[in-house]
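Just so you know, the protein sequences line up as chains P and F, in that order.
Each residue of the first sequence is one higher than the last, beginning at 1 in our numbering.
Each residue of the second sequence is one higher than the last, beginning at 173 in our numbering.
The beta carbon of each residue, even a glycine, is placed where N, CA and C say it ideally should be.
Notes follow the structure.
Number of protein chains: 2
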Amino acid sequence: MSQLTYGIAAFPSKKIQDIANSYRMRYDPSYSKIPPHITLKESFTADQQTIDRLSKDLSKIAKETEPFDIEIKKVSSFSPITHTIYLKIEPNDTLSKLNEQMNAEGFPGEQAFKFVPHITISQDLSEDEHSDVYGTLKISSFDLKDTIDRFQLLYQLDDGSWTVYETYKLGE
Amino acid sequence: MSQLTYGIAAFPSKKIQDIANSYRMRYDPSYSKIPPHITLKESFTADQQTIDRLSKDLSKIAKETEPFDIEIKKVSSFSPITHTIYLKIEPNDTLSKLNEQMNAEGFPGEQAFKFVPHITISQDLSEDEHSDVYGTLKISSFDLKDTIDRFQLLYQLDDGSWTVYETYKLGE
């Protein structure tokens, strides 16, 4: 059975996506592959049968999770591990729990790093470019609040872009 | 209450999206704004209250519609109205009915042209470019089949790209 590459993400409000895109269009070569998002589960491969099963599990997880608030106050970087700069989501128990549930037994894929909720705004820059951009952005402060009431399962096309497969609404 | 721009579309299988993208990346400047899709309802503006109401109507429409097959055999063009070249979806009663239901009384927005189900693969070329590309593509024949089992409500960001707001599964 043929396998596709899937990922799970939450899209913040249009306002936050527009702010993230104002940076991404300059500093992220993958900008056009997917709208600004919070990754809940890193990409994994699965066949249709597995996805049908996962989809039921994801509906259950969504139903048991109430919509929740997130807050963004500043920019941070994963340097020196990668040159990724991101809008940092303030520590959030619900996001962490969702990430844990989506990596529990029965879910395919593995998480390479500790879960740090974030919205990427810059990646794949050279070391010098990264230093320049991060030097400018890390002194910005933000006061962004949003309510997350859904997440989405997406699959990747051959050109690297992502299409939404299904939406899971929280608390319903 | 602030208004966003929304649209309703169905994404065909990854296979058909990959084929469409192989043309779009060369012939469609808007290629990266949204994955390849069949537009079911042209873009319209609405506030959150209207969307909450529409979403219930769309769930009902989806529930009453069984998954259905589509077929693609050839490329066509909207010339001379626009220079849009597309994968033509063979006449399909279910697609036409969905389009009608989404433009019935109570739904915002208006449809400028008769509904012609299609997947755009080229647009916004000059008249000469359009003639060249269409001359090459119109002699291609395809034998693509797919089953549509869901459609999606999307909203547009400031940069023109689209984010999925919700997925409606047919027959459920």
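Query: Between the stretch 34–53 of chain P and the stretch 111–119 of chain P, do three or more beta carbon pairs fall short of 8 Å?; Result: yes
Query: By a C-beta neighbour count over all protein chains shown, 10 Å radius and 16 as the cutoff for buried, is aspartate 124 of chain P buried or exposed?; Result: exposed
Query: Measure the C-alpha to C-alpha separation of tyrosine 155 of chain P and tryptophan 334 of chain F and round it to an integer number of angstroms.; Result: 16 Å
Query: Could you list the residues in the stretch 321–332 of chain F with a C-beta less than 8 Å from some C-beta on chain P, going in chain order?; Result: Arg322, Gln324, Tyr327, Leu329, Asp330, Asp331
Query: Which one of P/Phe78, P/Glu71, P/Phe68 has the shortest CA to CA distance from lysine 138 of chain P?; Result: P/Phe78
Query: Going along chain F, which residues have a C-beta under 8 Å from aspartate 69 of chain P?; Result: Those do not exist, as aspartate 69 of chain P stays about 17 Å from chain F at its closest Cβ, beyond 8 Å.
Query: Express the C-alpha separation of phenylalanine 107 of chain P and aspartate 57 of chain P in angstroms, rounding to a whole number.; Result: 9 Å
Query: Beta-carbon separation of isoleucine 180 of chain F and leucine 325 of chain F under 7 Å?; Result: yes
Query: May I have a chain-ordered list of the beta strand (DSSP E) segments no shorter than 3 residues that lie completely inside the stretch 57–113 of chain P?; Result: 68–77, 85–89
Query: Just to check my reading of the structure: leucine 226 of chain F and phenylalanine 323 of chain F have Cβ atoms closer than 8 Å, yes? What is that Cβ distance to the nearest angstrom?; Result: Between phenylalanine 323 of chain F and leucine 226 of chain F the Cβ distance is about 13 Å, and since that is not below 8 Å, they are no contact.
Query: Keeping to the same chain, check which residues put their C-beta closer than 6 Å to that of arginine 24 of chain P; ignore five residues upstream and five downstream.; Result: Tyr31, Ile121
Query: Going along chain P in order, which residues have a C-beta closer than 8 Å to the C-beta of serine 204 of chain F?; Result: Ser32, Lys33, Ser161
Query: Could you tell me which chain P residues have their CB closer than 7 Å to the CB of glutamate 338 of chain F, listed as they occur along the chain?; Result: Thr167
Query: Which same chain residues, not among the five before or five after lysine 317 of chain F, have their C-beta less than 6 Å away from its C-beta?; Result: Glu243
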